[in-house]
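Shown next, in structure tokens, is the structure this report addresses.
In our numbering, the protein residues as written are 434 to 813.
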């Protein structure tokens with residue numbers, strides 16, 4: 434009797450062990466998929482959240498009109514995203530048929546059809562080769578490069594008082610509002626303003642660019658780059674204007690530049706209004722500067738011979754995959770595979786510096802040792 438009871442217990446353990454194993458496997462698969470999704474590179478040719486609401490003589494006609502309107506809106510958003518600002522008006526107008534030819538796929542994320550009314554939210558994926566060829570043929574300057582997420586540290590100065598974390602920092606609120614609209618090309622992030630943030634850096638340290646404090650707050654959020662946005666509010670009584678002088682200082686693992694911009698509204702207008710206008714213009718200028726720095730130079734095709742130290746075939750495959758994902762790279766040829774290293778030829782557009790910075794964004798270090806180039810994967 435005891436023996437049968439023991440056998441039953443063993444069988445129960447086996448059964449629950451199998452169930453546990455199955456649950457664990459599903460959990461690990463879900464976790465892996467979540468991690469993969471989180472680390473997927475942003476595709477500049479995907480346009481999301483296109484909302485349309487159309488009323489017509491029938492639901493079917495309303496749906497057709499909505500689809501045409503959505504795809505044209507998505508196309509125009511894509512052009513504004515990629516093309517340099519002063520070149521947008523040079524982009525030739527195209528018809529709906531041409532736009533459809535440029536679309537790879539679409540998703541309807543939310544949809545509702547009522548009597549004679551149709552509203553939906555669309556996602557469009559455009560064919561990068563078609564868009565590239567169209568812009569290239571028409572000599573339009575554009576950039577596909579995605580910036581690493583940049584931390585924004587907004588310091589507000591008013592009547593001699595400098596504010597970073599304390600309330601009310603209206604300049605910080607303006608940046609927070611702006612950050613709600615996700616920018617694909619130049620994603621930004623604002624620190625939460627926790628006690629740890631407050632202990633790490635204050636307004637004066639940010640303004641003078643205290644490297645230790647800036648490095649520490651970047652590390653807290655696992656970021657590499659940031660921008661100090663120091664805004665000074667001034668009442669210009671002579672000109673009867675309310676002015677905002679904005680100084681932008683880049684820090685972190687990027688070229689440390691300083692840029693000064695000024696904005697104004699007539700006295701009598703609200704302070705918040707000036708801040709909202711200014712933050713949008715400042716950010717637009719930041720994005721345009723980024724695009725100008727990363728224009729794809731189709732007029733300057735180039736090649737470079739590179740050596741990769743390869744401990745195993747998996748490392749080589751990872752390196753080549755990351756290189757091919759780099760926007761300025763056209764193709765990669767394997768020249769020679771040795772036991773411990775591999776020689777490749779990279780075909781790309783632009784100069785070597787552009788290639789170096791573009792590869793860095795894909796966690797690849799391209800190192801020049803006396804004109805002998807080596808590639809190393811940068812482990813996170």
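Using N, Cα and C, we set each Cβ at its ideal position, and we do this for glycine too. Just so we're clear, the structure is a prediction, and the values are computed from it rather than from any experiment.
What are the uninterrupted segments assigned as beta strand (DSSP E) that are 3 or more residues long and contained completely in the segment 704 to 754, given in chain order? 734 to 742
Below 7 Å CB to CB, which residues in the same chain sit around residue 537 once its five sequence neighbours on both sides are set aside? 558, 559 and 560
With a CB to CB cut of under 6 Å and the five nearest residues on each side skipped, what residues in its chain are close to residue 587? 604, 605, 608 and 662
In the DSSP assignment, the beta strand (DSSP E) including residue 550 goes from what residue to what residue? 550 to 559
I want to know whether the segment 724 to 744 touches the segment 768 to 783 - three or more CB-CB distances under 8 Å. Yes: at least three Cβ pairs fall under 8 Å.
Of the residues 483, 794, 806 and 805, the one placed nearest residue 812, counting alpha carbons only: Looking at the Cα atoms, 794 is the closest of the given residues.
Does the Cβ of residue 746 have 16 or more other Cβ atoms within 10 Å, making it buried, or fewer, making it exposed? exposed
Cβ-based burial, residue 478 [other Cβ within 10 Å; buried from 16]: buried
In angstroms with no decimal places, state the Cα-to-Cα distance between residue 759 and residue 782. 11 Å
Three-state class that DSSP yields for residue 759 in the structure shown: coil
Proximity winner among 491, 497, 503 and 492, relative to residue 481 (alpha-carbon distances): Nearest option by C-alpha distance: 503.
Best match in 514, 712 and 686 for proximity to residue 695 [C-alpha to C-alpha]: 712
Pairwise C-alpha distance: residue 757 and residue 483: Cα to Cα, residue 483 sits roughly 30 Å from residue 757.
Is it buried or exposed, residue 659, if we count other Cβ atoms within 10 angstroms and call 16 or more buried? Answer is buried; the Cβ neighbour count reaches 16.
Closest Cα partner of residue 687 within the set 791, 573, 634 and 630: 791
Assuming contact is defined by CB atoms lying nearer than 8 Å, are residue 820 and residue 492 in contact in what I supplied? What is shown of the chain runs 434 to 813, which leaves residue 820 out entirely.
In this structure, does DSSP put residue 598 in helix, strand or coil? coil
Considering Cα atoms alone, identify which of 518, 527, 736 and 600 is closest to residue 573. 518
Which of helix, strand or coil does DSSP assign to residue 619? coil
Buried or exposed for residue 624, going by 16 or more other Cβ atoms inside 10 Å? buried
Can you tell me whether residue 801 is helix, strand or coil according to DSSP? Residue 801: strand per DSSP, three-state reduction.
Mapping the DSSP letters down to three states, classify residue 592 as helix, strand or coil. coil
Considering only C-alpha positions, which residue in the set 590, 505 and 525 is nearest to residue 556? Out of 590, 505 and 525, 505 has the C-alpha closest to the C-alpha of residue 556.
Candidates 704, 710 and 475, of which the one nearest residue 611 by Cα: 710
Mind checking which residues open and close the alpha helix (DSSP H) that includes residue 777? Element bounds for residue 777: not the alpha helix (DSSP H) but the beta strand (DSSP E), 774 to 782.
So is residue 702 buried or exposed if we call it buried at 16+ other beta carbons inside 10 Å? Classification for residue 702: exposed.
Report yes or no: do the segment 623 to 640 and the segment 719 to 735 share at least 3 C-beta pairs separated by less than 8 Å? no
Could you compute how far the alpha carbon of residue 525 sits from the alpha carbon of residue 571? 8 Å
Buried or exposed, going by whether 16 or more other CB atoms sit within 10 Å of the CB of residue 814? Summary: the structure shown does not reach residue 814, with the chain confined to residues 434 through 813, and so no result is reported for it.
Can you tell me which residues form a DSSP beta bridge with residue 567? According to DSSP, residue 567 bridges with nothing at all.
Leaving out the 5 sequence neighbours to the left and right, which residues in its chain are closer than 7 Å to residue 475 when beta-carbon positions are compared? 579 and 617
Which residue's Cα is closest to the Cα of residue 697: 784, 647 and 667? 667
Are the beta-carbon atoms belonging to residue 799 and residue 761 less than 8 Å from one another? no
Inspect the beta-carbon positions of residue 735 and residue 784 and report whether they are closer than 8 Å. yes
Beta-carbon proximity check, residue 677 vs residue 582, cutoff 8 Å: If you check the CB distance, residue 677 and residue 582 do not come in under 8 Å.
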